[in-house]
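Below: one structure, written as C-alpha cells.
In the numbering used here, the protein residues as written are -7 to 524.
This is the structure in C-alpha cells:
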C-alpha cells in the first residue's frame, strides 16, 4: 500500500522508524499519543483509531459488509496495523517512568534478537540517550557492562578461502527465555523480515532447549507498572468500545471470517491479557446501566473487563443486504418481548446495535453536557460539523446509505460471552471438543512460551483467579460445550451375558490353539518321514 504512492513515501516511512532518528521521530510521537490517550475519553480514542484505519465497517457481526474506502485485500493489513498500534501504545514504556539503564538494556536486547551483531554495529544501531545528563551513554563503560550481561561473544573464525569472519555477539539463553520482547522488536524493526528473523531465532531456541516443539506465538509478556501520572492509559483496556471490538473479532475468528488472520487473534488475545493483568477483583463490582440511557450501542453493563468477560451478548441488530444469510436465520420475535423474558427489563434484552461512531458520539455528548458552557459550545460544533462532515463520520454513516433499498435490519441471536468464545476457540485450535479442562485456581499459570492454546489457557486461568464469577461461568460453559458423559449402568443380566461371552471366547481360543498344535505336529512328522 505504501509502494503505490511512490518509493519516496516508502523511504520516508523507513527513515521514520530507524533507530538513528527515533529520538526525534517515532518515539516522541508515540509518547504524545500516550499522553493524549491517558487524558482523553477512552471510548472516543479507541473509536477514533479504528476510524482512522478505515476498518469500522469490518467490525460487525454480519458475515458480509461494504467498505467503500478500502479494497478487500487491504482490510486485513489495515486491521492488523490498528491492533499493532494499540499494542505498541499500551506496551511501550519509553518516557513513561523507566530508567535510562532499563532503556539501554531493552534497546540492546531488541537489536540482538533480530540478529547477531558486531560491537561496532551495536554502537551504530542503538539510539543515543536523549537525556545526556543521566550519565548513561554509548561511550561509557556501562555499555560494556550491559553487553556482557545480555550477550555471549563468538570469536572470529577463518573461512576456507582464507578470509576471517568477524566476532559476533549473540543473545544469551536467559535473554530468549525471559527478556525477548516482541513489542520492542516491532518498534525498532525497519523491515518485516527483521521481526520474522527474531521469531525464527526464538523458535530455534525453544526447540533446542526442549521447551516447545511446535510453532510458538510471540511471547508477549506482562508489562512493567506505569508511572502514576500515566495510569489513565490503562483505561483503554477498560472501556466498552474496546470490549465491543474484542468480542466482535473473537466471534468473527470463531466463525472463520476470511479477513482475520492468526496475527489478528494474537493481538486480540494480548490486549485481553493486558486488560486482565491490570484488573483486580475489587474493580469487578457489577455496574448496572443507567435506566435513562436508551442508547444500546454499549453491549456491556460496565467498563470492568472482569465483569464483561462473562457477560452474555444475547442479540445483535445488524444492517445487511436483503439476500444475506443473516436475514434467513434472524429471530422472528423481538428479543425484548414479554413472552421470552418477562422478568427482565427491556434495557437488558433489547437488540443491541454495534456502531463505534454512535458510541463515540454518545460518550462525547455526555462529556459536553457536564456543564452548560460546553453544552452551548456543542451546538456550534454540531452546526459546523453538519456543513463540513468529518471524513470518518461521513464514511461510517455513508456506508449504509450506498444502497439503502437493498439493506435491511436483521436481529441475530448470539448468546455468547468472551469467555465462551475463548473456550470454543481453544477447542477449535486443538481440534478436540474437550481440550480445555476447566478452571483450576490452584493450578499454576501456564508459561509464556507456547502457541495459541497456551495463551488462551493463561487468559482463562488469570480471569478465574481474579474473579469468582468468571470461575463459575467457566465451569458452566465447559459443562455446556463439552458435557461430561455419565457412567452407563448395567443390569445383572447384562453382566452375566458379558461373562458368558468372555467364557465362550476363551474356549474358542483354546480350540484354535489345540488345532494349530495338532497341525504343526502332523507337519513335523511328515517332514521327518520325507527326510528319511
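The C-beta atom is built at its ideal place from N, Cα and C for all residues, glycine as well.
Small disclaimer: the values here were computed from a predicted structure and weren't measured.
| Asked | Found |
| --- | --- |
| Tell me the rounded alpha-carbon separation between residue 466 and residue 121. | 48 Å |
| Whole angstroms are fine: how far does the CA of residue 449 sit from the CA of residue 418? | 8 Å |
| Have a look at 506, 455, 148 and 297 and flag the residue whose alpha-carbon is nearest the alpha-carbon of residue 233. | 297 |
| Unbroken alpha helix (DSSP H) runs of length 4 or more, entirely within the segment 87 to 125: which are they? | 92 to 106 and 111 to 117 |
| Within a Cβ cutoff of 6 Å, which residues of the same chain sit near residue 241, ignoring the five residues on either side of it in sequence? | 260 |
| Taking only the alpha-carbon atoms, compute the straight-line gap between residue 455 and residue 9 and give it to the nearest angstrom. | 36 Å |
| Using the three-state DSSP reduction, which class does residue 435 fall into: helix, strand or coil? | coil |
| In whole angstroms, give me the CA-to-CA distance for residue 301 and residue 426. | 21 Å |
| Return the first residue and the last residue of the beta strand (DSSP E) that residue 85 is part of. | Counting along the chain, residue 85 falls outside any beta strand (DSSP E), and DSSP gives it neither H nor E. |
| Expressed to the nearest angstrom, what Euclidean distance is found between the alpha-carbon atoms of residue 222 and residue 159? | 42 Å |
| My parser needs the alpha helix (DSSP H) runs of 4 or more residues fully inside the segment 396 to 423; what are they? | 410 to 422 |
| For the 8 Å Cβ check, are there 3 or more pairs between the segment 159 to 174 and the segment 205 to 219? | yes |
| For residue 189, which residues of its own chain have a beta-carbon under 8 Å away from its beta-carbon, when the five flanking residues on both sides are left out? | 106 and 107 |
| Should the segment 261 to 271 be regarded as contacting the segment 66 to 83, the criterion being three or more beta carbon pairs within less than 8 Å? | yes |
| Sort 90, 142 and 137 by Cα distance to residue 103 and report the nearest one. | 142 |
| What three-state label does DSSP hand residue 516 in the structure shown? | helix |
| In its own chain, which residues sit with a C-beta less than 8 Å from the C-beta of residue 161, not counting the 5 before and 5 after it? | 104, 108, 109, 110, 111, 114, 139, 143, 144, 145 and 146 |
| Please report the residue range of the alpha helix (DSSP H) in which residue 19 lies. | 18 to 31 |
| What do you get for residue 220, buried or exposed, if any count of 16 or more other CB atoms within 10 angstroms of its CB means buried? | exposed |
| Touching or not, the segment 52 to 65 and the segment 306 to 315, by the rule of three or more beta carbon pairs under 8 Å? | yes |
| Cutting at 8 Å between CB atoms, please list the residues of its own chain near residue 237, excluding the five before and the five after it. | 38, 42, 51 and 348 |
| Please state whether the Cβ-Cβ distance between residue 443 and residue 206 is less than 7 Å. | yes |
| Would you call the CB atoms of residue 257 and residue 245 closer than 7 Å? | yes |
| Would DSSP call residue 305 helix, strand or coil? | strand |
| Would you say residue 47 and residue 17 are within 7 Å of each other, going by their C-beta atoms? | no |
| Considering only DSSP beta bridges, list what residue 160 is partnered with. | 146 |
| Go through its chain and collect everything with a Cβ distance to residue 11's Cβ below 7 Å, but skip five positions before and after it. | 117, 118, 119 and 180 |
| On the DSSP letters alone, give me the boundaries of the alpha helix (DSSP H) that residue 192 sits inside. | 184 to 201 |
| Going by alpha carbons, who is nearest to residue 432 out of 133, -2, 463 and 7? | 463 |
| Check residue 312 in the structure and name its three-state DSSP category. | strand |
| With residue 471 and residue 428 assumed to form a contact (beta carbons below 8 Å), what rounded beta-carbon distance in angstroms separates them? | In fact, because the Cβ distance is near 12 Å, the residues do not count as touching under 8 Å. |
| Rounded to the nearest angstrom, how far is the Cβ of residue 209 from that of residue 415, given a contact under 8 Å? | Not really, about 18 Å apart at Cβ, beyond 8 Å. |
| Can you list, in chain order, the residues of its chain whose CB lies under 7 Å from that of residue 511, leaving out five sequence neighbours each side? | none |
| Where does residue 283 fall in DSSP's three states? | Legend: pLDDT at residue 283 = 29, less than 50; position of this residue unreliable, value from coordinates given subsequently. Three-state result, residue 283: coil. |
| So for residue 135, helix, strand or coil by DSSP? | helix |
| Check for me: the alpha helix (DSSP H) holding residue 536 runs from which residue to which? | Residue 536 is absent from the model: the chain starts at -7 and stops at 524. |
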